[in-house]
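Notes for the one structure printed next.
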Amino acid sequence: MTNPSFQTYPTAALAVDPIHVGTGGTRLGRVDNAIVRDPVTKVPKIPGSSLAGVLRSYVAMRKQATEGNRRIDSREKPYFPDCAGQGQPRPDGSGGHCGQFTCPVCTVFGFARGERGGFAGLAAFSDAHVLLFPVATCEGPVWITAPLALRWLAGLQNVMDVREDAVNRAAAADKLNLGWLLLPVVEHGQMETVKEKLQAMGVPPYILERLGLVSDKLFPHVVNSNLEVRTSVAIDPATGAAEEGALFTYEALPRGTVLFWEVTCKSPHHFKINGENIAKVDSPDGVYKVVEEGFPYMEALGIGGMGTRGMGRLRVLKSEKPNARSASPEEK
479 MTNPSFQTYP TAALAVDPIH VGTGGTRLGR VDNAIVRDPV TKVPKIPGSS
529 LAGVLRSYVA MRKQATEGNR RIDSREKPYF PDCAGQGQPR PDGSGGHCGQ
579 FTCPVCTVFG FARGERGGFA GLAAFSDAHV LLFPVATCEG PVWITAPLAL
629 RWLAGLQNVM DVREDAVNRA AAADKLNLGW LLLPVVEHGQ METVKEKLQA
679 MGVPPYILER LGLVSDKLFP HVVNSNLEVR TSVAIDPATG AAEEGALFTY
729 EALPRGTVLF WEVTCKSPHH FKINGENIAK VDSPDGVYKV VEEGFPYMEA
779 LGIGGMGTRG MGRLRVLKSE KPNARSASPE EK
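Under the working numbering, the residues of the sequence shown are numbered 479 to 810, in order.
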């Protein structure tokens, strides 16, 4: 197929640290600072807007480090911080997105130009959903998944015959505790197929050897019952002791969680910026290569909050050849 209109790139990532993408406020309940959840399944997720925002900043950082400032309209224009973030200019007129058809950051991630409009960007990010969730058991950590989570992967939309009251694994065994929940272990005939698909996504062997499958009904309960919960307190600098009434708790996806999202990259040939053809990228593959430049930074600098408290780092797992969906102008 030549000149596809778009191409979808499945992407998996491993949490190197706990991940806290908060809801932006406190609530009554188990913890003060809760993380974002899917409103239907109640399973935690990372919104696509969070992925797009941090990757935009990290790509801008990389371009600034490798290419330096550009000259636009007789002025020096840096990639970072100008082309990162929301991109609104400062009161003195400086800063803001450059909005140039030659800028890889603005063309791939979009830009805002106030009343003059902007550009939506060539890369669209889905939410990052939990694919494999680590749970402490009497046998050590076991990574739990469910048909609900596996349906995101091509070839795993029809994982069937999952017992609702058991942990389904490659071989039957004695009972296994998933945190506080004790369940029998039964054999499931599709586990080898599941392992093959996950291996193609770059999931490490030590995780593949410790997989467990539970029902869609049980999966949200297992995840929400085994999140990492931390307690912090503010310290009075004058006394070095805890401040009165400053104790708070927050939750996070635990280290070792495997997340999955899709990046849909549009063909630059369908769009123009200020009447000019987009010059920096020429295909959906080129768009995704720009997005990939931010992945090493996400492993080092992280995503979400509590980054100074040991949270946030996310390592993208590279597959040898993405199983991408695409469509050409001729495809109906």
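Glycine included, C-beta positions come from ideal geometry on N, C-alpha and C.
Proximity winner among the options, relative to residue i (alpha-carbon distances)
i: ARG591; options: THR580, GLN564, VAL583, ALA602; result: GLN564
i: ALA778; options: VAL637, VAL494, PHE726; result: VAL494
i: ASN511; options: PHE484, VAL707, SER527; result: VAL707
i: ILE497; options: PRO522, GLN485, SER483; result: PRO522
i: VAL537; options: ILE756, PRO582, ASN704; result: PRO582
i: HIS607; options: PRO488, THR709, LEU661; result: PRO488
i: GLY573; options: CYS584, ASP560, THR580; result: ASP560
i: LEU634; options: MET669, THR615, GLY718, LEU661; result: MET669
i: GLY772; options: ILE524, ALA562, ARG515; result: ALA562
i: ILE781; options: GLU545, VAL499, THR735; result: VAL499
i: GLY615; options: ASN636, LEU654, ALA602, LEU631; result: Inspection of the sequence shows that residue 615 is occupied by Thr rather than by Gly. Measuring from the Cα of THR615, the nearest candidate turns out to be LEU654.
i: VAL640; options: ASP516, PRO567, HIS666, GLY753; result: HIS666
i: LEU656; options: CYS584, VAL509, GLY764, PRO619; result: PRO619
i: ASN755; options: MET789, GLN542, THR519, THR580; result: THR580
i: LEU661; options: LEU691, ALA632, TYR557; result: LEU691
i: PRO762; options: VAL586, GLN578, PHE558, LYS520; result: VAL586
i: GLN566; options: GLU721, GLY753, PHE589, THR544; result: PHE589
i: VAL637; options: TRP658, GLU617, ASP652, LYS673; result: LYS673
i: ARG549; options: PRO525, ALA651, GLY526, CYS576; result: CYS576
i: ARG515; options: PRO525, ARG568, ALA712; result: PRO525
i: GLY783; options: THR544, THR501, ARG508; result: THR501
i: ALA724; options: SER535, GLY718, ILE713; result: ILE713
i: ALA651; options: THR671, TRP658, GLU617; result: GLU617
i: THR486; options: ARG534, MET539, GLY764, CYS584; result: GLY764
i: ASN752; options: GLN578, ARG791, GLU687, ALA491; result: GLN578
i: PRO789; options: THR735, GLU545, SER527; result: For the sequence presented, residue 789 should be read as Met rather than Pro. Measuring from the Cα of MET789, the nearest candidate turns out to be THR735.
i: ALA491; options: ARG534, GLN677, THR717, GLU687; result: GLN677
i: ARG534; options: CYS584, LEU659, VAL518; result: CYS584
8 Å contact criterion, which residue i and residue j should meet: CB distance rounded
i: ALA457; j: VAL664; result: Limits of the chain in this structure are 479 at one end and 810 at the other, which puts residue 457 out of reach.
i: ASP642; j: LYS675; result: Contrary to the premise, residue 642 reads as Glu rather than Asp in this sequence. Incorrect: roughly 23 Å between the Cβ atoms, too far for contact.
i: ILE622; j: VAL700; result: 6 Å
i: SER693; j: PRO482; result: The pair is not a contact, with the Cβ atoms about 37 Å apart (cut-off 8 Å).
i: VAL769; j: VAL759; result: Incorrect: roughly 10 Å between the Cβ atoms, too far for contact.
i: ASP605; j: TRP739; result: 6 Å
i: ASN547; j: LYS555; result: 6 Å
For residue i: DSSP bridge partner residues
i: THR709; result: THR727
i: ILE524; result: ALA606
i: ALA590; result: GLY596
i: ASN655; result: LEU660
i: GLY690; result: ILE622
i: ILE781; result: ILE781 is not bridged to any residue.
i: LYS695; result: Beta-bridge pairing links LYS695 to no other residue.
i: ILE497; result: LEU731
i: ASN646; result: VAL664, LEU691
i: ILE513; result: GLY500
i: THR742; result: THR486, ALA602
i: LYS555; result: ARG548
i: ALA491; result: LEU737, VAL794
i: VAL613; result: VAL620
i: ALA720; result: ILE713
Proximity of residue i and residue j at Cβ, strictly below 9 Å
i: ILE685; j: LEU737; result: no
i: PRO625; j: LEU795; result: no
i: VAL741; j: TYR775; result: no
i: ARG787; j: SER710; result: yes
i: LEU831; j: PHE749; result: Residue numbering for the chain in the displayed model covers 479 to 810; residue 831 lies beyond these limits and cannot be assessed.
i: LEU689; j: LEU705; result: no
i: VAL698; j: LYS520; result: Note on identity: in this sequence residue 698 is Pro, with Val being the wrong assignment. Yes. Within cutoff.
i: ARG819; j: PRO612; result: What is shown of the chain runs 479 to 810, which leaves residue 819 out entirely.
i: PHE603; j: LEU529; result: yes
i: GLU729; j: ILE513; result: yes
i: MET679; j: LEU631; result: yes
i: PRO743; j: PHE484; result: What sits at residue 743 in the sequence shown is Cys, not Pro. Yes, the Cβ-Cβ distance between CYS743 and PHE484 is below 9 Å.
Item to check | Any alpha helix (DSSP H) of 4 or more consecutive residues that is wholly inside the segment 747-778 | outcome: The qualifying runs are 762-770.
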